[in-house]
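Trainee: Pasting a structure here, questions to come.
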Amino acid sequence: MFSLLKPKSAGCLRSLQQLASIRGYTPQCRGISGGLPEHSKREGVRVTDGIRVTDGVRVTDGVRVTDGIRVTDGVRVTDGVRVTESGVTDRGRTLLHVETRHLCRCPACYDTHSHQKLLVTYDKELRVTDILKVSDNYISVRWSDGHQGLIPRNKAGAYGPAHVTSLLDKYYDVAMRRNSAQVFWTSQDEQNFKNFTYEEVVSSDEATQEFLAHYMRYGIAFVSGVPNYTDPAEFTGSDLNVGRPSVTVFDPVDQVRYKPGGDNAAYTTLELPGHTDLPFYNDSPSAQFFTCLKNTVQGGEAFWIDTFAALQEVREERPDLFDVLTKVPVYFKLDPAKTLKNLYQSVPVVELNGSDLRRTRDHMNTTDDYQFVRSTDLETRKQWWAAYSFYKSKVEEESRKITHVIRPGDVIVTDNWRVLHGRKAFFVTSEEAQRHVATWYISWSHIQNRVLAVKDAFLDLES
Amino acid sequence: ATLLYTIKFELLPVATMLATFVRSQLGAAKQVSRLLTTAAAHGVAITDEGLVDGSNTFLHQESRNLCRCLQCCSQYSMAKTMVSVNDGTKLTKILDVDDNFISAKWSDGHTGKIPRNTMAAYGEGAGATILEQYMDLVQRKNRAHTFWTGEDGGDTALEPFQYSAVKEDKVELQKFLLHFMEYGVAILKGCPDLEDPTPLLNEDLRYGPVQDTIYGSVVEIKFRSVTDGELVAYTNNELPTHTDFSFYTKTPDILNVYGKKNTVVGGESTYVDTFAVLDEVRNEKPEYFKVLTEVVAYYRYAVPGKRLNVSSHKVVEMRGEDIYRVVDMFCELDELEFAKHTDIETRKLWWEAYSYYRNKCTEPRTPGARRLDPGDLVMIDNCRVLHGRRPFVDGTGERIMNLMYAEFSHVIPAVLDLHQEIHGLKVEPAIAEA
Numbered sequence: 053m054f055s056l057l058k059p060k061s062a063g064c065l066r067s068l069q070q071l072a073s074i075r076g077y078t079p080q081c082r083g084i085s086g087g088l089p090e091h092s093k094r095e096g097v098r099v100t101d102g103i104r105v106t107d108g109v110r111v112t113d114g115v116r117v118t119d120g121i122r123v124t125d126g127v128r129v130t131d132g133v134r135v136t137e138s139g140v141t142d143r144g145r146t147l148l149h150v151e152t153r154h155l156c157r158c159p160a161c162y163d164t165h166s167h168q169k170l171l172v173t174y175d176k177e178l179r180v181t182d183i184l185k186v187s188d189n190y191i192s193v194r195w196s197d198g199h200q201g202l203i204p205r206n207k208a209g210a211y212g213p214a215h216v217t218s219l220l221d222k223y224y225d226v227a228m229r230r231n232s233a234q235v236f237w238t239s240q241d242e243q244n245f246k247n248f249t250y251e252e253v254v255s256s257d258e259a260t261q262e263f264l265a266h267y268m269r270y271g272i273a274f275v276s277g278v279p280n281y282t283d284p285a286e287f288t289g290s291d292l293n294v295g296r297p298s299v300t301v302f303d304p305v306d307q308v309r310y311k312p313g314g315d316n317a318a319y320t321t322l323e324l325p326g327h328t329d330l331p332f333y334n335d336s337p338s339a340q341f342f343t344c345l346k347n348t349v350q351g352g353e354a355f356w357i358d359t360f361a362a363l364q365e366v367r368e369e370r371p372d373l374f375d376v377l378t379k380v381p382v383y384f385k386l387d388p389a390k391t392l393k394n395l396y397q398s399v400p401v402v403e404l405n406g407s408d409l410r411r412t413r414d415h416m417n418t419t420d421d422y423q424f425v426r427s428t429d430l431e432t433r434k435q436w437w438a439a440y441s442f443y444k445s446k447v448e449e450e451s452r453k454i455t456h457v458i459r460p461g462d463v464i465v466t467d468n469w470r471v472l473h474g475r476k477a478f479f480v481t482s483e484e485a486q487r488h489v490a491t492w493y494i495s496w497s498h499i500q501n502r503v504l505a506v507k508d509a510f511l512d513l514e515s
Numbered sequence: 005a006t007l008l009y010t011i012k013f014e015l016l017p018v019a020t021m022l023a024t025f026v027r028s029q030l031g032a033a034k035q036v037s038r039l040l041t042t043a044a045a046h047g048v049a050i051t052d053e054g055l056v057d058g059s060n061t062f063l064h065q066e067s068r069n070l071c072r073c074l075q076c077c078s079q080y081s082m083a084k085t086m087v088s089v090n091d092g093t094k095l096t097k098i099l100d101v102d103d104n105f106i107s108a109k110w111s112d113g114h115t116g117k118i119p120r121n122t123m124a125a126y127g128e129g130a131g132a133t134i135l136e137q138y139m140d141l142v143q144r145k146n147r148a149h150t151f152w153t154g155e156d157g158g159d160t161a162l163e164p165f166q167y168s169a170v171k172e173d174k175v176e177l178q179k180f181l182l183h184f185m186e187y188g189v190a191i192l193k194g195c196p197d198l199e200d201p202t203p204l205l206n207e208d209l210r211y212g213p214v215q216d217t218i219y220g221s222v223v224e225i226k227f228r229s230v231t232d233g234e235l236v237a238y239t240n241n242e243l244p245t246h247t248d249f250s251f252y253t254k255t256p257d258i259l260n261v262y263g264k265k266n267t268v269v270g271g272e273s274t275y276v277d278t279f280a281v282l283d284e285v286r287n288e289k290p291e292y293f294k295v296l297t298e299v300v301a302y303y304r305y306a307v308p309g310k311r312l313n314v315s316s317h318k319v320v321e322m323r324g325e326d327i328y329r330v331v332d333m334f335c336e337l338d339e340l341e342f343a344k345h346t347d348i349e350t351r352k353l354w355w356e357a358y359s360y361y362r363n364k365c366t367e368p369r370t371p372g373a374r375r376l377d378p379g380d381l382v383m384i385d386n387c388r389v390l391h392g393r394r395p396f397v398d399g400t401g402e403r404i405m406n407l408m409y410a411e412f413s414h415v416i417p418a419v420l421d422l423h424q425e426i427h428g429l430k431v432e433p434a435i436a437e438a
């Protein structure tokens with residue numbers, strides 16, 4: 053790329069640099085050496101050495117520059133934007149030719165109302181041929197297919213006005229589940245155990261967004277003082293406005309309480325080891341809400357563990373074992389007796405998205421060991437057990453847990469793709485004593501939409 | 005007299021005791037011998053690593069986790085109530101072996117039963133048979149799929165079923181669902197005209213409930229004036245084939261298209277089996293295939309004032325050697341974020357790979373096409389089969405359809421339960437007494 057920018061002569065090089073200084077542009081190519089005389093940096097200054105510079109700049113020595121600066125030798129440069137062999141380089145970032153065409157925001161290529169692309173092209177020969185104009189948010193270009201359009205230069209050009217982009221700047225990475233925006237935790241602290249009050253959370257859109265963003269960041273969030281709704285999902289539907297529960301083979305809002313002969317371990321008084329829910333689903337649901345309706349038993353403290361923190365340690369200390377956890381599928385099942393709930397799935401414990409930890413599926417009580425043995429060779433299983441044991445030895449450390457005795461009015465939202473939840477055993481000391489929790493799932497994307505979407509977000513193609 | 009006394013009261017009891025002892029030891033030895041013979045006959049033995057049972061080898065902790073006694077496995081939930089991971093428990097003794105279970109003792113003192121076959125592992129009756137038949141399809145293994153193109157197998161994939169037959173006959177209903185799992189698409193014709201089509205999934209076809217999206221539970225798609233349009237689907241333009249909701253972190257599994265009205269000229273629905281296409285790419289250009297399975301692409305959906313969702317996915321998700329899921333929606337690609345997070349060389353390669361794959365998707369031989377008639381319900385695997393639409397002529401009529409989304413995992417119990425009903429079977433838990 054840089055070879056294309058190499059002018060014919062040293063005099064030409066100096067010309068480019070001098071022009072850039074005068075107009076406030078920074079040369080994009082490396083290798084330009086030589087300083088500029090001080091007086092040349094003032095606007096309107098005539099510079100000698102064969103170069104004359106005015107406001108409507110024109111430079112000799114084979115280089116002509118006008119308001120839309122154009123430099124010969126096959127390189128077009130406009131306000132720091134240039135067309136290269138690969139595509140268009142704007143402030144150090146290069147968009148490939150095909151990408152520029154897909155990014156065109158003109159009404160012929162990009163629907164003004166839906167903000168969806170109307171054009172698809174896989175033409176490898178397509179090229180940007182001219183840069184016509186550069187503004188703060190757009191580059192006006194012409195392509196080899198003759199089309200003229202607009203490429204966005206930034207979020208404002210891509211998404212819309214300032215209040216849209218400010219939200220995106222604040223919440224985009226955490227909404228995308230990027231590990232860089234998440235806070236991994238290895239013990240209970242003020243932040244991950246921060247208590248929001250119901251009044252605080254519903255006081256404004258901004259407060260709701262910040263609460264949900266806190267949940268996305270830490271994988272867990274606590275609210276107290278939530279009204280005792282007949283349908284607990286009213287909190288998510290009406291108060292948070294993140295839609296209706298995702299429906300599974302369990303009820304939309306599952307009532308978890310002691311039931312002799314219940315078809316789920318959660319309906320017993322036994323300890324529930326830390327686990328994620330529904331690993332036997334093709335795609336397990338993400339946001340999980342718990343609310344306490346009654347708790348008059350002894351024991352039964354709830355606890356939560358951040359698997360991402362533990363997995364990050366595994367990745368650093370034993371990358372070989374980490375690799376196994378991301379690759380070897382484990383088998384899960386749900387087949388309670390005499391019910392119509394039969395689900396089977398095989399997935400790795402750890403799912404990556406690029407290099408980011410994306411999801412953990414970990415529920416040993418529902419693993420289908422028989423299928424695992426039948427479907428996976430012995431050596432791979434030995435490696436898997438070594439890896440899983442190493443991960444488990446970390447994730448079961450008591451010090452990692454957030455613990456809490458949940459009370460009526462509490463709502464806890466956890467990231468079922470990241471945080472394990474569990475419960476100590478409890479004791480029913482009288483007939484009336486009961487531990488009654490309701491739980492339901494909400495799509496991460498519905499929460500994301502609540503955090504990111506705003507009104508009046510049309511593109512301003514003039515800016 | 006003294007001698008008689010000694011013999012009767014001293015030597016004889018000792019001799020009796022000795023004899024009893026020897027008998028018991030012989031008995032125990034016989035039992036051990038019988039056990040060893042039985043175990044050997046069944047091909048069962050304890051090794052350093054764990055337990056060998058015929059062609060299966062269980063590691064020690066696997067054998068412990070497999071215990072099917074009432075203490076270790078809930079007879080109600082069939083889930084383990086105890087789990088062994090890091091406690092070093094080892095299998096120490098085989099107590100008995102029969103056709104279905106190995107009675108065993110472990111170093112933690114527990115005695116229990118290890119299943120030897122699918123029946124013992126999953127349930128009595130024909131539980132084994134049901135699962136043996138369908139496990140590959142349920143797990144989305146490619147060896148249970150039939151890949152197709154418009155020219156090759158598309159007619160079979162798009163061969164319609166009749167609603168009246170599926171509604172009345174469980175065998176036909178199961179065939180419909182299995183066809184969907186095998187081909188990634190299934191068409192049902194002659195569905196009733198319903199204002200709310202959700203009972204079709206929830207009740208008639210049994211794989212509900214319908215899942216909510218940001219559009220609600222049922223999305224109406226019909227031509228709308230530009231000022232109302234939120235989706236490009238509301239226009240009469242061609243819709244290139246795509247999967248839905250690429251901008252969702254978790255993309256919906258099944259798209260169900262219900263035809264309500266279609267009087268336009270043109271507008272045929274098109275379908276592409278990406279697994280067939282990707283299989284070709286894998287064979288012809290393995291380097292391109294690799295890129296599609298490794299490089300993360302970025303998606304966004306930003307309807308001004310209404311919606312803003314962002315996500316990132318690889319175009320192709322693998323599970324081991326199986327192609328598992330495809331996410332492919334051109335008009336929602338976020339090239340700016342892609343450029344921000346991915347170096348240029350990787351992106352160049354990705355665009356080459358993606359173009360190669362997409363050009364195959366659009367070759368005339370690849371897509372199947374069918375007109376969507378009123379009363380049609382098309383069940384589409386949104387993780388495998390692309391759907392699209394040819395343009396229709398504006399002003400020639402109306403084209404209205406409803407979209408609903410469902411979970412793949414909910415098809416599984418429908419298929420398995422139908423099998424039980426069809427064959428009059430009852431699956432009972434195989435929990436053994438301790």
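Sequence order for the protein chains is B and F. First residue of the first sequence: 53, per our numbering; consecutive thereafter. First residue of the second sequence: 5, per our numbering; consecutive thereafter. Backbone N, C-alpha and C fix where the C-beta goes; we use that ideal spot for every residue, glycine too.
Identify, in the order they occur along the chain, each residue of the same chain with its Cβ nearer than 8 Å to the Cβ of S221(F), setting aside the five sequence neighbours on each side.
Mentor: So the list reads T202, V214, Q215 and M408, once near-sequence residues are dropped.
Trainee: Quick one, which of T418(B), A354(B) and N405(B) has its alpha-carbon nearest R296(F)'s?
Mentor: It is worth fixing the name first, because residue 296(F) is Leu in this sequence and not Arg. Selection T418(B), A354(B) and N405(B) evaluated against L296(F) yields N405(B) as nearest (Cα-Cα).
Trainee: For E505(F), which of H391(F), V382(F) and T85(F) has the nearest alpha-carbon?
Mentor: Any property of residue 505(F) remains undetermined from this structure, which presents chain F solely from 5 to 438.
Trainee: Step through the CB atoms of chain B and report whether any lies within less than 7 Å of the CB of Y303(F).
Mentor: no
Trainee: Do three or more CB pairs link the segment 263-280 of chain B to the segment 379-396 of chain B at distances below 8 Å?
Mentor: Remark: fewer than three beta-carbon pairs, one from each stretch, lie closer than 8 Å, so the segment 263-280 of chain B and the segment 379-396 of chain B are not flagged as touching.
Trainee: Going along chain F in order, which residues have a C-beta closer than 7 Å to the C-beta of W437(B)?
Mentor: L63 and Q65
Trainee: To the nearest angstrom, how far is it from the Cα of L363(B) to the Cα of A477(B)?
Mentor: 27 Å
Trainee: Got a sec: is the Cβ-Cβ distance from W496(B) to anything in chain F below 7 Å?
Mentor: Yes, W496(B) counts as interfacial toward chain F.
Trainee: From the DSSP output, in three-state form, read off Y187(F) for me.
Mentor: helix
Trainee: With which residues is N406(F) paired in a DSSP beta bridge?
Mentor: E224(F) and Y262(F)
Trainee: Are the segment 491-503 of chain B and the segment 295-312 of chain B in contact at 8 Å, needing three or more beta carbon pairs?
Mentor: yes
Trainee: Look at the alpha carbon of D462(B) and the alpha carbon of A285(B), and state the distance between them as a whole number of angstroms.
Mentor: For D462(B) and A285(B), the distance between alpha carbons rounds to 13 Å.
Trainee: Taking CB distances under 7 Å as the criterion, tell me whether D216(F) reaches chain B.
Mentor: For D216(F), at least one C-beta of chain B is nearer than 7 Å to its own C-beta.
Trainee: Once DSSP output is grouped into helix, strand and coil, what is the label at D291(B)?
Mentor: helix
Trainee: Can you tell which of R304(F), L340(F), Y238(F) and C77(F) has the C-alpha that lies nearest to the C-alpha of M86(F)?
Mentor: Minimum Cα distance to M86(F) is reached at C77(F).
Trainee: Give a yes or no on whether the C-beta atoms belonging to F236(B) and A439(B) are separated by under 7 Å.
Mentor: Result no, Cβ atoms of F236(B) and A439(B) do not sit closer than 7 Å.
Trainee: For K264(F), count neighbouring Cβ atoms within 10 angstroms of its own Cβ and tell me buried if that reaches 16, exposed if not.
Mentor: buried
Trainee: May I ask you to verify whether the segment 404-419 of chain B touches the segment 322-336 of chain B, counting CB pairs closer than 8 Å and requiring at least 3?
Mentor: yes
Trainee: Which bits of chain F does N417(B) rub up against, with CB to CB less than 8 Å?
Mentor: A83, K84, T85 and V87
Trainee: For the beta strand (DSSP E) that contains N347(B), what are its first and last residues?
Mentor: Looking at the DSSP string, the run of the beta strand (DSSP E) that includes N347(B) is A339 to N347.
Trainee: Along chain F, in chain order, which residues have C-beta atoms closer than 7 Å to that of L363(B)?
Mentor: What L363(B) touches in chain F, judged by beta-carbon distance under 7 Å, is nothing: the nearest beta carbon there is about 16 Å away.
Trainee: Is T253(F) close to chain B? Criterion is C-beta to C-beta, closer than 7 Å.
Mentor: yes
Trainee: Is V480(B) closer than 7 Å to V299(B) when the C-beta atoms are compared?
Mentor: Cβ atoms of V299(B) and V480(B): not closer than 7 Å.
Trainee: Measuring only the C-alpha atoms, how far is Q240(B) from T359(B)?
Mentor: 14 Å
Trainee: At a CB distance below 7 Å, what residues from the segment 282-310 of chain F approach chain B? Give them in sequence order.
Mentor: V300, A306, V307, P308, G309 and K310
Trainee: Using a Cβ-Cβ distance cut-off of 7 Å, determine whether Y275(F) contacts chain B.
Mentor: Judged by the 7 Å Cβ criterion, Y275(F) is not in contact with chain B.
Trainee: Counting C-beta neighbours from all protein chains within 10 Å, is the total for A83(F) 16 or more, i.e. buried, or is it exposed?
Mentor: buried
Trainee: Would you kindly work out how many angstroms separate the C-alpha atoms of E341(F) and G47(F), rounded to a whole number?
Mentor: Their backbone Cα atoms lie some 59 Å apart in a straight line.
Trainee: Under three-state DSSP, which class holds C365(F)?
Mentor: Helix, per DSSP.
Trainee: Please report whether the beta-carbon of D326(F) lies at a distance below 7 Å from any beta-carbon of chain B.
Mentor: no
Trainee: Taking only the alpha-carbon atoms, compute the straight-line gap between M123(F) and N104(F) and give it to the nearest angstrom.
Mentor: 8 Å
Trainee: From what residue to what residue does the beta strand (DSSP E) around A373(F) run?
Mentor: G372 to R374
Trainee: Take C344(B) as the anchor and find which of Y211(B), Y270(B), S192(B) and F287(B) has the nearest alpha-carbon.
Mentor: F287(B)
Trainee: What runs of the beta strand (DSSP E), each 3 residues or longer, lie entirely inside the segment 319-360 of chain F?
Mentor: 320-323 and 326-330
Trainee: Does the count of Cβ pairs from the segment 98-117 of chain F and the segment 439-459 of chain B closer than 8 Å reach three?
Mentor: no
Trainee: Determine the chain B residues that contact K352(F) at a beta-carbon separation under 7 Å, and present them in chain order.
Mentor: L148
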